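Just so you know, this note's numbering puts 29 at position 16 of the sequence shown, and the rest follows in order with no gaps.
By construction, the Cβ of each residue, glycine as well, lies at the ideal position given by its N, Cα and C atoms.
Only a predicted model underlies this, so the values are computations on that prediction, with no experimental measurement involved.
Working notes, structure below.
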Amino acid sequence: MRKARAWYVTKFQPQSGADIVRLITSGFDESAYYRMVTSYWDMAASFVLNGAIDEELFHDSNTEYVAVFAKIEPYLGDVRKAYNSTRYLKSLEGLVRRAPDAENYIARMRQIANHWANMNAGNQSDTK
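Shown next, in the form of structure tokens:
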């Protein structure tokens, strides 16, 4: 999971929903990394939304779930459409949108993610 998280933060730079769909169906290790990171945070979000974890505690204790969502948010509709699944990452999206000052929080996390990606740009420039 650590390797998957590091890849997601530093090397995963989708430019479209099609990039994400291609990655998911690629069979590359990075496909597993993507699915591992996104499904983990979607599951964690579902625990919060269903009352198993206190929502305020969850928001106060981490930021990674917002960073994960911020990277894919612009393309989420396209991915859902490609898979004909309106439920894809719905729990993650729902919880992020309930975070205090959600839109600014998402924008801030996207800036940070872009900064990390730019620092790593010399090593890899595609979504793999």
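Distances from the alpha-carbon of Ala58 to those of Arg110, Met122, Ala31 put Arg110 closest.
The Cβ-Cβ distance between Ala126 and Ala80 falls below 9 Å.
As summarised for the stretch 70-137, the continuous alpha helix (DSSP H) elements at least 4 residues long and confined to that stretch are 77-85, 89-95, 103-111, 115-133, given in chain order. As the crow flies, the alpha-carbon of Asn75 is around 20 Å from that of Arg48. Shown here, Asp67 sits in coil according to DSSP, grouped into three states, outside any helix or strand. Contact check between the stretch 96-108 and the stretch 52-67: three or more CB pairs, one atom from each, fall below 8 Å, which counts as touching. In this structure Met122 is buried. Its beta-carbon is surrounded by 16 or more other beta-carbon atoms within 10 angstroms.
Per DSSP, Gly40 lies in no alpha helix (DSSP H) segment and is marked neither H nor E.
When Cβ pairs closer than 8 Å are counted between the two stretches, the stretch 86-106 is seen to touch the stretch 24-33, the count reaching three or more.
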